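Residue numbers (the UniProt record's numbering): 1 to 857.
This is the structure in C-alpha cells:
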C-alpha cells in the first residue's frame, strides 16, 4: 500500500514523496471540508509550484506548521496528495483512506467555518454553538476521519486549538450521536451494523454513493466503487458484503497457523510412501531447495500425493501454515489469490487496484509469517508463469511474484515436465504409475464388496493391467462396479466391447501423446463406459457433464449449472457424477472440480457426435441468463466466480465470433469487469464488442452507439477526457441525425458530453449543451419533469462556475421550488439542491431577490 506525503522545505515550498508500507515515515493528516471548486490546492498545483495562488493554500500552511510543532516531517492532505485525474489512483485512495487516517500520528481538524476567536472566548456559549453547527459534522467522510485516528485535534480557521477528541468527547457525542466508547477507540466491530449505519444518517456527500463508500473502513469490508449506481444499490451491496463477512469462519487454528486447503483428506490414499518420504525429508531443512515440482501423467495421482503430504505436514508441523492455490489458468489463479488475501486479512486486500499476488508475496516473505507451505496445483501452462501480465512499466511475471523465505517451501504439480523444470529447475519429483501391489491396495480400499479380490484375483489383476494401474482409471472403474454390483469380469467385457470405438478419442486434444501406450487410453475407456451408463439412468447428470466440459473445469459453482426439474433431481444428478468420481465436491463451498482428462474426453466425445458446438451455444445461453444486466450488479460474489467460465467460452473457436448470443455475453462480461473497476479489461472487451457491431451492424445502429457511449464511460473513469469527448461527440452527432435532436437518447448523449466538458473546465461548451438539453426537455417532457429539473440544476452549477452567480442562484432557486412540488421536500434531488443553495448563500453569494423563498419551504 503506497501513500504520497507532503513535506515543506526551508524555502516554504511543498514537495511530494511516495512511500510504500512498511517504510512509511510518521506523518500527520488533515481533516477538513472542501471549499468551492477551484479553491483547493491540487496535485497538479504542487507539481507546477502554483499552490500559493489557491485559497486552499492556507490549509497546507496550517498543516505544515502543526506538523512541525509536533516534530513530524511529513503530512497528508487529500486535495493534493492524490492525483484525482488518475481513475485507478483515485479508487486506490478511497479504499485506503480509513487506514491512512488510522496510521497517522496526528489528525488535525481544520474548521474553516469557525472564524477568528480570542483564546479566552473559546469555551463561551457562542463558540460552543458555532462548534455544534460546524459543516464538518454534516459531511459523510468525516465520520471515519473522526474514528480512525488515535489522536484528533480541532482548530479554528485562525489556527487556534479548541481541544481534542478526548477533551471534547461529550460535545462530539452529543453532536454526532456516536457512542463515547467508539470515540475512545473501542473496536468498531463491538457496535451493531445498524448502530454504525446510523452514524452517517443526515450527512451529505458530493456523490450520493460516497455516503455508503465512506463506511467501508468502519465495517472493515470492501465493495467495488460503482459511481452512478445510486445510494440504494450501493447500500444493498454494502449490507450483503457485511453479511457475507460475518458468516465467514476463521481459518486460523488456535496455534495461529493458517489452513487454506480446498479438499478433505482422502481416506483411500494408497502407497507412494517412498515419494512422500523424499518430500518430507527435503522440506523445511536448512540448505535444501525451497521449490519442488511434482510431475507425471494426468490422472497418475499428483494432486492426491501432495494432498496427503500437506496433511502429514499439518500433523508434524502444527505451527506451519498451508495454502493451496489452483493454477489451472490466470483467471482462476487471480480469483484464488484474491480469496486467500481476503481470508488472511492481509492489509490492502480490499483495494481493487492492488495486486493480490504481490500482497501474498510480501506477506509470506516476511519473517513474521512463520513457517509455511505453498502449493500450486495444476501448474501446466508455462506461458502463464513467464509472460508479463501487461505492457505497462510495472508489469511483472507470475514466477517473479513467488514469495521467498527460509521458513517457507513451494510445491507445484504439473503434467508437463518442461514446465516442471522451469518452475523448480532440477528439483523435480516424477510420479510413476502405480505398481500392481499399490494398485491392488487402492482397488481393495475403494471396493464396497472387499471379497471381490479374494474370489477373483486373476480378474482383478487383468483389470488393473488393462487400466495401466492409473489411479484415476481405477477409482472410476470401482465407482461403476460398486454402484452396479457387477464383477471384474463383467467390467472387462465392457472394456473389450468399447476398445475399438475409442481408439482415437483423445488423439487431438491430449497434448502428451508420447505418454500413450499400445493399449488404449484407460481414462477415455473408463469414462465412455461410465458416461453411457449415466446417460441411461440420469439424463440431468449427463446434461451437467456436457455443460461442464464447455467451461473451465476447476471451481465450477453449482449455481452456474442449468436448473433441473426439481432441487431433488439436481442433488441426485450431482451425486451421480460424484459417485463416478467425475467431479470432486469442494467442502468449503458449493463448487465442483471436473477432472481435466474427463473434461477433454467429454469434449472429444461431443465433437465426435457433432454436438460440441451446440453444447457451447447452450452454455452461452445459460451464462447470458445468469450474468447481471447493466446497472444490476447483484450478488457480486456469485457472478465473480462465473468470470473464468465466461472467459473460457468467449475464447472458444467453436462459436461464431459475430453471433448475437456471443456478443450479448461478451457485453455482460465487460459490464461485470466495469463493475469491479477493472477499467482496462472492460475497455478491451467493450472495444471488441464495438468492433463486431461496427462490422455486423450499421455504424449508426442503436447498439453500436450504446457501445460507443459505454466505451466513452470507461475512458471517463480513467480520466481520459479527450478520448471520451471524441466518442461522445460522434455518438451525439449520429443520434441527432438518426433519432432527432429531441430524442431521449440524444439528450442523454448531450448531457454526458456536457459532463465531460465540465470535468475539463470547458464551461462555455458545457453550458451550450446544457441549455439545449434543458430547453428540449421542457418542450418534450414538460417544465416539471424530473429529468428537466436535473438539467436545470446542472446548468445552474455551470453558470456559477462561469462566475454568473446571480443567474445560477436564481435558476437553482427556481429548480428547488419545482423539485419540492414535484418530488417532495425529502427527495434526494430536492435535498441536494437545497444543500447547494444554502451553501452558496452562506458563502456570501447574494442576489437582489429570491421571491420564492425556496429555502423556507
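Where is the CB? At the ideal position from N, CA and C, for every residue including glycine.
Note that the structure is predicted; figures quoted are calculated from it, not measured.
Original post:
Since residue 77 and residue 6 are thought to touch, with beta carbons under 8 Å apart, how far apart are those beta carbons, to the nearest angstrom?
Top reply: Rounded, the Cβ-Cβ distance is 6 Å, consistent with contact.
**OP:** With DSSP as the reference, label residue 469 as helix, strand or coil.
**Re:** It is coil, neither helix nor strand.
Subject >> Sub-8 Å separation of residue 331 and residue 666 beta-carbons >> reply: The criterion of a C-beta distance shorter than 8 Å is not satisfied by residue 331 and residue 666.
Subject >> Where residue 294 sits in the DSSP three-state scheme >> reply: Residue 294 falls in the strand class under three-state DSSP.
Subject >> 8 Å contact criterion, which residue 789 and residue 822 should meet: CB distance rounded >> reply: About 7 Å; that satisfies the 8 Å criterion.
**OP:** Going by DSSP, name the residue or residues bridged to residue 179.
**Re:** DSSP, once it has assigned bridges, lists no residue as partnering residue 179.
Original post:
From what residue to what residue does the alpha helix (DSSP H) around residue 585 run?
Top reply: DSSP places residue 585 in no alpha helix (DSSP H) but in the uninterrupted beta strand (DSSP E) bounded by 583-585.
Original post:
Within 10 angstroms of its Cβ, does residue 83 collect 16 or more other Cβ (buried), or is it exposed?
Top reply: Per the 10 Å Cβ criterion, buried.
**OP:** Tell me whether the beta-carbon of residue 812 lies closer than 8 Å to the beta-carbon of residue 783.
**Re:** Not closer than 8 Å, so no.
Original post:
Who are the near neighbours of residue 681 in its chain, counting only those whose CB is closer than 6 Å to its CB and skipping five residues on each side?
Top reply: The beta carbon of residue 681 sits closer than 6 Å to those of 673, all from its chain and outside the five residues before and after it, given in chain order.
Subject >> Close-in-space but distant-in-sequence residues of the same chain around residue 4 (CB under 6 Å, 5 per side omitted) >> reply: So the qualifying residues of the chain are 16, 18 and 81.
**OP:** Grab me the residues of residue 843's own chain with a C-beta within less than 8 Å of its C-beta, minus the 5 sequence neighbours each way, in chain order.
**Re:** Leaving aside the five residues that flank residue 843 on each side, the residues in its chain whose CB is nearer than 8 Å to its CB run, in chain order, 36.
Original post:
Does the region 582-593 come close enough to the region 352-366 to have 3 or more Cβ pairs within less than 8 Å?
Top reply: Because the criterion of three Cβ pairs below 8 Å is not met, the region 582-593 and the region 352-366 do not touch.
Subject >> At least 3 beta-carbon pairs within less than 8 Å: the region 456-470 vs the region 323-343 >> reply: Contact fails: fewer than three Cβ-Cβ distances are below 8 Å.
Original post:
Is the beta carbon of residue 416 less than 8 Å from the beta carbon of residue 380?
Top reply: Taking 8 Å as the Cβ cut-off, residue 416 and residue 380 qualify as a contacting pair.
**OP:** Go through its chain and collect everything with a Cβ distance to residue 387's Cβ below 7 Å, but skip five positions before and after it.
**Re:** Listed in chain order, the non-local C-beta contacts of residue 387 below 7 Å within the same chain comprise 397, local neighbours out to five positions each way being set aside.
**OP:** Could you give the DSSP three-state label for residue 627: helix, strand or coil?
**Re:** In the displayed model, residue 627 falls within coil according to three-state DSSP, outside both helix and strand.
**OP:** Within the region 136-205, note down every full alpha helix (DSSP H) run reaching 4 residues or more, in order along the chain.
**Re:** Restricting attention to alpha helix (DSSP H) runs no shorter than 4 residues, the region 136-205 encloses them at 142-147, 169-176, 180-183 and 193-198, ordered along the chain.
Original post:
Which residue's Cα is closest to the Cα of residue 607: 546, 575 and 565?
Top reply: Residue 546 is the option with its Cα nearest to residue 607.
Original post:
What are the start and end residues of the alpha helix (DSSP H) that includes residue 102?
Top reply: Per DSSP, residue 102 belongs to the alpha helix (DSSP H) from 87-103.
Original post:
Are there three or more Cβ pairs, one per stretch, closer than 8 Å when the region 431-443 is compared with the region 312-324?
Top reply: Contact between the region 431-443 and the region 312-324 is absent: fewer than three C-beta pairs spanning the two stretches fall below 8 Å.
**OP:** Give the DSSP-derived three-state secondary structure of residue 777 in the structure shown.
**Re:** Note: residue 777 maps to helix in three-state DSSP.
**OP:** Please classify residue 449: is it buried, with 16 or more other beta-carbons within 10 angstroms of its beta-carbon, or exposed?
**Re:** With a 10 Å radius around the Cβ and a threshold of 16 neighbouring Cβ atoms, residue 449 comes out exposed.
**OP:** Using DSSP bridges, identify the partner residues of residue 267.
**Re:** Note: residue 267 sits in no beta bridge, so no partner.
Original post:
Grouping DSSP H, G and I as helix and E and B as strand, with all else coil, what is residue 377?
Top reply: Correct three-state label for residue 377: strand.
Subject >> Which of helix, strand or coil DSSP assigns to residue 557 >> reply: In the structure shown, the three-state DSSP call for residue 557 is strand.
Original post:
From which residue to which residue does the alpha helix (DSSP H) around residue 414 run?
Top reply: Judged by DSSP secondary structure, residue 414 falls outside any alpha helix (DSSP H) and instead within the beta strand (DSSP E) spanning 408-414.
Original post:
Can you tell me whether DSSP reads residue 107 as helix, strand or coil?
Top reply: The DSSP-derived three-state label of residue 107 is strand.
Original post:
Using 8 Å as the threshold, is the region 154-167 in touch with the region 212-232, meaning 3 or more CB pairs across them?
Top reply: Contact fails: fewer than three Cβ-Cβ distances are below 8 Å.
Subject >> Backbone CA spacing between residue 74 and residue 285 [nearest angstrom] >> reply: Taking the straight line from one Cα to the other gives about 44 Å.
Subject >> Contact the region 259-278 vs the region 426-441: 3+ CB pairs below 8 Å >> reply: With three or more CB-CB distances shorter than 8 Å, the region 259-278 counts as touching the region 426-441.
Original post:
From the DSSP output, which residues share a beta bridge with residue 388?
Top reply: Its beta-bridge partners are 397.
Original post:
For the beta strand (DSSP E) that contains residue 593, what are its first and last residues?
Top reply: Per DSSP, the continuous beta strand (DSSP E) segment holding residue 593 begins and ends at 591-594.
Original post:
For residue 432, which of helix, strand or coil comes out of DSSP?
Top reply: Looking at residue 432 - three-state DSSP - the assignment turns out to be coil, as it is neither helix nor strand.
**OP:** Answer yes if the region 422-433 comes into contact with the region 289-303, meaning at least three C-beta pairs across the two stretches below 8 Å, and no otherwise.
**Re:** Yes, the region 289-303 touches the region 422-433.
Original post:
Rounded to the nearest angstrom, how far is the Cβ of residue 235 from that of residue 212, given a contact under 8 Å?
Top reply: Between residue 212 and residue 235 the Cβ distance is about 5 Å, and since that is below 8 Å, they are a contact.
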